[in-house]
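Visitor: Once you've had a glance at the structure underneath, I'll fire off some questions.
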Amino acid sequence: GKVADEVKARPLWDAGYATQLLTYIHKGAAGAGRDINDVSLCLGVLTSVSEDEAEAREYARRALAIYLPHLSPMTEAVGVSSDEVNKVSAYSSVGDYAKAARYISDRTLENFALFGTPGLLCRKIQKMLDQVPVDRIEFGTPHGSDSITSINLLGRKVLPWFS
Numbered sequence: 033g034k035v036a037d038e039v040k041a042r043p044l045w046d047a048g049y050a051t052q053l054l055t056y057i058h059k060g061a062a063g064a065g066r067d068i069n070d071v072s073l074c075l076g077v078l079t080s081v082s083e084d085e086a087e088a089r090e091y092a093r094r095a096l097a098i099y100l101p102h103l104s105p106m107t108e109a110v111g112v113s114s115d116e117v118n119k120v121s122a123y124s125s126v127g128d129y130a131k132a133a134r135y136i137s138d139r140t141l142e143n144f145a146l147f148g149t150p151g152l153l154c155r156k157i158q159k160m161l162d163q164v165p166v167d168r169i170e171f172g173t174p175h176g177s178d179s180i181t182s183i184n185l186l187g188r189k190v191l192p193w194f195s
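Numbering (my numbering), first residue to last: 33 to 195.
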């Protein structure tokens, strides 16, 4: 907030951590004599959408296996154990993302990824917006197992819900 006009946290989907970020952003803005409303927060979240919820979940889990070992201090802040990170990292570092994904807990997945059917995504987004005054949500890659289909689902079934 002291210098930037927007702070983007990626990949993140945890209301508690986003609220903590806003506290820091507002403190920085106030310290610089800026209006806190002049600094926005963007959550860039790993997104996986499909008409098949299980498919979206598992695709998100595999994608998160690539990133999770590199997300400190966010992992600690949302309560991901070092044991979980180390197990994921052991397999991720050698490119075995399928095996690494097996060690990602459901809780961790919920904290770093937005996944599910279009209707479920809409409910999750609304829940986040009800908890944290997020200015922008960026649907991060991979979007789903079929990128074109997933992007179409976002454009046709998720975005219109918020118009």
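Built from N, CA and C at the ideal position, the CB exists for glycine as well.
1. Please list the terminal residues of the continuous alpha helix (DSSP H) segment that includes Glu85.
2. What does Glu108 pair with, by DSSP beta-bridge criteria?
3. Please report the straight-line C-alpha distance between Val117 and Tyr135, rounded to a whole angstrom.
4. If you run the structure through DSSP and keep just helix, strand and coil, what is Lys40?
5. If Ala41 and Ala50 are in contact, beta carbons under 8 Å, what's the gap, nearest whole angstrom?
6. Would you decide whether Asn184 is buried or exposed? Buried here means 16 or more other CB atoms lie within 10 Å of its CB.
7. Could you tell me which uninterrupted beta strand (DSSP E) segments, each at least 3 residues in length, are contained entirely in the segment 149-186, listed from first to last along the chain?
8. Nearest CA to the CA of Trp193: which residue from Leu44, Leu153, Ser137 and Asp162?
9. Can you tell me the Cβ-Cβ gap for Arg93 and Ala133, rounded? I've got them flagged as a contact below 8 Å.
Guide: The answer reads as follows:
1. As a working note, residue 85 is residue 53 in the sequence shown. Note, Glu85: alpha helix (DSSP H), Glu85 to Tyr99.
2. Translated into the one-based positions of the sequence shown, residue 108 becomes position 76. Beta-bridge pairing links Glu108 to no other residue.
3. Taking the first residue of the sequence shown as 1, we reach residue 117 at position 85. Taking the first residue of the sequence shown as 1, we reach residue 135 at position 103. Distance between the alpha carbons of Val117 and Tyr135: 8 Å.
4. Position 8 of the sequence shown, counted from the start, is the residue given in the question as residue 40. DSSP places Lys40 in strand when its eight states are reduced to three.
5. Translated into the one-based positions of the sequence shown, residue 41 becomes position 9. Translated into the one-based positions of the sequence shown, residue 50 becomes position 18. Yes, Ala41 and Ala50 are in contact; Cβ-Cβ is about 7 Å, under 8 Å.
6. By one-based count along the sequence shown, residue 184 stands at place 152. By the 10 Å Cβ count, Asn184 comes out exposed.
7. 168-175
8. Looking up residue 193 in the sequence shown gives position 161. Ranking Leu44, Leu153, Ser137 and Asp162 by Cα distance to Trp193 puts Leu153 first.
9. For the purposes of this step, residue 93 is taken as the residue at position 61 of the sequence shown. For the purposes of this step, residue 133 is taken as the residue at position 101 of the sequence shown. That pair is a contact at about 4 Å.
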